[in-house]
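> Structure provided below as structure tokens; questions to follow.
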Amino acid sequence: MKILVTGGLGFIGSHTVVELQNKGFEVLIVDNLSNADEKVLEGITAITGKTPIFEKFDLREKAKVQDFFGRHSDLTGVIHFAASKAVGESVEKPLLYYENNLGVLTYILQELIKKDEAHFIFSSSCTVYGQADNMPITEDAPVKPAESPYGNTKQVGEEIICDTCKVNSNLAAISLRYFNPIGAHPSTAIGELPIGVPQNLVPFITQTGIGMREQLSVFGDDYPTPDGTCVRDYIHVVDLAKAHVKALQRLIQNENQSNYEVFNLGTGTGSSVFEVIQSFERVSGKKLNYKIVDRRLGDVTEAYADTTKANTILGWKANSTLDDAMKSAWDWEQKIRKPRS
Ligand code: WQD
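First residue of the sequence shown? That's 14 in the numbering used here, and the numbers climb one at a time after it.
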């Protein structure tokens, strides 16, 4: 079965392509390479022995989206990763985020509702919860006013899909709310390739460990948490990728209870920034150079998933520990920074 993976050369997209191929799906990737490198195709092929079909174009060009779906009329499944995802940038450039994250979503859905049957998996985020009142966070926790245009595009994106599914019974969709994806494929053939200074914790840690960055700044140690630093649910990107295949198979096999469902994807365990640093030091055997600085605007104190629904209904559970994920991130960092022989 042919599956379109938009943004399939990106961090989570590429790992999902590998797992789709492992399950026998034929994968088409559309990516505009704005936040990905075409060399990732070689990494995917190195792991699975199969090279996905890749088309480079910008999904904001509606005519190209229509042309693509016209040329691939037998395509019935889409996993949609292509979106802008930098929280800070979204505050500076809201229209870029609304066009790229929502305009594109409507173009893809407009093509899917023309089909007799279509399956759609949406890359959402725990950011929709803001600072949830209760931990762990369940899927029926209230969606709070977004703290950034990026977060708003995930909230509104889910509403667009839900409203579309209500009046198109031929379309079935699942939104997957990721907690904090980290790590890399154990083969080190693919991994995270942040452009410029990493915004996220784990790539900043591994780049500090490898000597690319002088020192990690810990954004505050005065939060109301056990050790004063923020708590998050760090999930191995391979576990996350496998959840996407499970969600797609759920729709293909008509196991879904309604034609729009939502699942949290996390480990169910919260880890503080200091615990993540300690994990890095354990797996690398290196002492991490860091300092405590002021809190970062927009950070929530804690966010970790209640995974009951994903475990019992989706039939998926994260297997990797924080150390497993951190080791894969560190192995990947060492691999990509090794001087070319
Ligand atoms: C984690 C913790 C920081 C960097 C964001 C988006 C979310 C999703 C994942 C796209 C926080 C602390 C970080 C650093 C630090 N993105 N930190 N020093 O903010 O939980 O989630 O990325 O889907 O939508 O909001 O992840 O890795 O940036 O931060 O102390 O240099 O690490 O304060 O407590 P976050 P993060």
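Think of the CB as a built atom: it goes at the ideal place given N, C-alpha and C, for glycine as much as any other residue. Source: prediction; values computed, not measured.
Throw me the rounded Cβ distance for the residue 19 and residue 100 pair, which I believe falls under 8 angstroms.
In fact, because the Cβ distance is near 21 angstroms, the residues do not count as touching under 8 angstroms.
> Leaving out the 5 sequence neighbours to the left and right, which residues in its chain are closer than 6 angstroms to residue 185 when beta-carbon positions are compared?
Around residue 185: 132, 264, 269 and 272.
> Identify the continuous beta strand (DSSP E) that holds residue 247 and give its terminal residues.
Residue 247 -> beta strand (DSSP E) spans 247-249.
> Between which two residues does the alpha helix (DSSP H) holding residue 97 run?
First-last for residue 97: undefined, no H or E at that position.
> What are the start and end residues of the alpha helix (DSSP H) that includes residue 185?
No alpha helix (DSSP H) holds residue 185; the beta strand (DSSP E) holding it covers 184-191.
> For residue 199, which residues of its own chain have a beta-carbon under 8 angstroms away from its beta-carbon, when the five flanking residues on both sides are left out?
So the qualifying residues of the chain are 251, 341 and 344.
> Scan the stretch 248-301 and note each continuous beta strand (DSSP E) run of 3 residues or more that stays entirely inside, going in chain order.
Listed in chain order, they are 273-278.
> Out of 62, 23, 50 and 52, state which residue places its alpha-carbon closest to the alpha-carbon of residue 37.
Of the candidates 62, 23, 50 and 52, the one whose C-alpha sits nearest the C-alpha of residue 37 is 62.
> What are the start and end residues of the beta strand (DSSP E) that includes residue 39?
Run containing residue 39: 39-43, per the beta strand (DSSP E) assignment.
> Report the three-state DSSP secondary structure of residue 82 (helix, strand or coil).
It is helical.
> If you drop the 5 nearest sequence neighbours on each side, which residues of the same chain put their C-beta closer than 7 angstroms to that of residue 78?
Closer than 7 angstroms at Cβ, skipping near neighbours: 72, 120, 121 and 124.
> Got a sec: does the ligand WQD put a non-hydrogen atom nearer than 8 angstroms to the Cβ of residue 233?
Yes; taking the cut-off as 8 angstroms, the Cβ of residue 233 has a heavy atom of the ligand WQD nearer than that.
> For a test of the three-state rule: what should DSSP assign to residue 179, helix, strand or coil?
Correct three-state label for residue 179: helix.
> Check whether the Cβ atoms of residue 258 and residue 29 lie closer than 9 angstroms to each other.
Their beta carbons are under 9 angstroms apart, which means residue 258 touches residue 29 by this criterion.
> Got a sec? Which residues, its chain only, sit under 8 angstroms from residue 8 by beta carbon, not counting five neighbours each side?
Outside the shown range of the chain (14 to 354) lies residue 8, about which nothing can therefore be said.
> Buried or exposed: which applies to residue 319, given that a residue is buried once 16 or more other Cβ atoms fall within 10 Å of its Cβ?
The residue in question, residue 319, is buried, as its Cβ has 16 or more Cβ neighbours within 10 Å.
> Hey, would you say residue 67 sits closer than 9 angstroms to residue 189, going by beta carbons?
No, the pair does not count as a contact, with Cβ atoms beyond the cut-off.
> DSSP three-state label for residue 47, please.
Looking at residue 47 - three-state DSSP - the assignment turns out to be coil, as it is neither helix nor strand.
> Which residues in the same chain as residue 339 place their Cβ atom closer than 6 angstroms to its Cβ, once the five residues preceding and following it in sequence are excluded?
Hits under 6 angstroms: 292, 293 and 296.
> Run the CB neighbour count on residue 239, radius 10 Å, all protein chains shown included, and call it buried at 16 or more, exposed below.
Classification of residue 239: exposed, given that the 10 Å Cβ count is below 16.
> Can we count residue 241 as close to the ligand WQD, meaning its CB is less than 8 angstroms from some heavy atom?
No - the ligand WQD has no heavy atom lying nearer than 8 angstroms to the Cβ of residue 241.
> Using 8 angstroms as the cut-off, classify the Cβ of residue 94 as near or not near the heavy atoms of the ligand WQD, replying yes or no.
No, the beta carbon of residue 94 sits no closer than 8 angstroms to any heavy atom of the ligand WQD.
> Is the closest heavy atom of the ligand WQD to the C-beta of residue 118 under 8 angstroms?
Incorrect: residue 118 has no Cβ contact closer than 8 angstroms to the ligand WQD.
> Say the cut is 8 angstroms; is the CB of residue 48 nearer than that to a heavy atom of the ligand FMN?
Annotation note on the ligand FMN: not contained in the displayed structure, which lists the ligand WQD as its ligands.
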